[in-house]
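What follows is a single structure, written as structure tokens, with notes after it.
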Amino acid sequence: MESKYSILLSLLMLQCLSLLCVSQSQDFDFFYFVQQWPGSYCDTKQSCCYPNTGKPSADFGIHGLWPNYKDGSYPSNCDPNNSFNQAKISNLINDMQKNWPSLACPSSNNIQFWRHEWEKHGTCSESALNQHGYFDTALNLKGKTNLLKALKSAGINPDGNSYNLQNIKIAIKGAIGYTPWIECNVDASGNSQLYQIYLCVDTSGSSLIECPVFPKGKCGSEIEFPSF
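Each residue of the sequence shown is one higher than the one before, counting from -8 in this note's numbering.
So this is what it looks like as structure tokens:
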């Protein structure tokens, strides 16, 4: 009898430890909010494919809202039982088609892109944001930051010309109050170009913050801003 109780107790302890691990895996320190310039996504050797809804507008599009740790690592795929459910974001679909388009090939209706972002990144923010809240928060952050307006106001335009990297950072920080991190890619000729802009957000998703840590990688001092 004693051995049965011991086995039961051991099983209960294992279950508790398992639940604790799941809970801890969803803790994080901040979000990266990442927006990408469609002209730079498409102006590469791989090129791009427009969504079934047509060519996106010439504006930064959302890539994702990514939970991260201050040591530079990040959690991922935290809850396999909470898969993407389009019905939960039905009132956001129109805004997402406009502001969160997929440029990957082959052309798609964007759903697979959103599913990937929720299941890999969004499930790790469940302690703060449910599925609707996750996508709604990202849309609100895009409206709040308005990167293209910030750059154009500083005379930095998507015209194929090259611009000073530091001036790009200054323009964005001057408009929104926080230091961005710039990711570059290269065009078909190997020239460095403005690709993605990272901003940092607190764990509630409500406020921009200074980034505790920046991703690795760097751009040249002068980078192109291609048209789209």
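For every residue, glycine included, the Cβ atom is placed at its ideal position computed from N, Cα and C.
If you're wondering where the values come from, they're calculated on a predicted model, not measured in any experiment.
Cβ shell of residue i (< 7 Å), same chain only, five flanking positions each side left out
i, result
"K133", "Q26, I53 and N90"
"P92", "P42, P47, G52 and N101"
"S99", "P42, N43 and S93"
CA-to-CA distance, residue j to residue i, given in whole angstroms
i, j, result
"N76", "K160", "37 Å"
"G208", "N73", "33 Å"
"S87", "Q187", "Position check: residue 87 holds Met in this sequence, whereas Ser was assumed. Cα-Cα distance, rounded: 18 Å."
"G165", "Q157", "12 Å"
"Q103", "D20", "27 Å"
"S195", "S38", "36 Å"
"P97", "C40", "6 Å"
"I147", "Y125", "31 Å"
"P217", "P42", "20 Å"
"D70", "D193", "21 Å"
"M4", "P66", "Residue placement at M4 is poorly supported in this model, since its pLDDT is 47, which falls under 50; the coordinates are not used for a value here."
"D127", "T44", "20 Å"
"D223", "K46", "The structure shown does not extend to residue 223, since the chain is modelled only from -8 through 219, so no value can be given for it."
"E117", "S144", "37 Å"
"I200", "C191", "5 Å"
"L94", "N101", "9 Å"
"C202", "I80", "29 Å"
"N121", "W109", "10 Å"
"N82", "Y60", "31 Å"
C-beta atoms of residue i and residue j nearer than 7 Å
i, j, result
"N176", "S31", "yes"
"S180", "G211", "no"
"A129", "I163", "no"
"I167", "L185", "no"
Spatial neighbours of residue i in its chain, beta-carbon cut-off 8 Å, leaving aside the 5 residues before and after
i, result
"P206", "Y23, G63, W172, E174 and Y189"
Residues of its chain near residue i, where Cβ-Cβ distance is below 6 Å and the 5 sequence neighbours each way are ignored
i, result
"A49", "F219"
Backbone secondary structure at residue i - three-state DSSP
i, result
"I188", "strand"
"I147", "coil"
"N82", "helix"
"G30", "helix"
"Y(-4)", "For Y(-4), the predicted model reports a pLDDT of 47, less than 50, meaning its position is unreliable; a value from the coordinates is still stated below. Y(-4) falls in the helix class under three-state DSSP."
"S153", "strand"
"E201", "coil"
"F208", "Looking at the sequence itself, residue 208 is Gly, so the reference to Phe does not match. G208: coil per DSSP, three-state reduction."
"N245", "This structure leaves residue 245 out entirely; the chain is present only between -8 and 219."
Okay, do the segment 112 to 120 and the segment 54 to 61 touch, 3+ Cβ pairs below 8 Å being the bar? Yes, the segment 112 to 120 touches the segment 54 to 61.
Whether or not the segment 121 to 141 and the segment 150 to 158 are in contact is what I'm after, with contact meaning three or more pairs of Cβ atoms, one per stretch, closer than 8 Å; do they touch? The segment 150 to 158, when compared against the segment 121 to 141, does not touch it at the 8 Å Cβ threshold.
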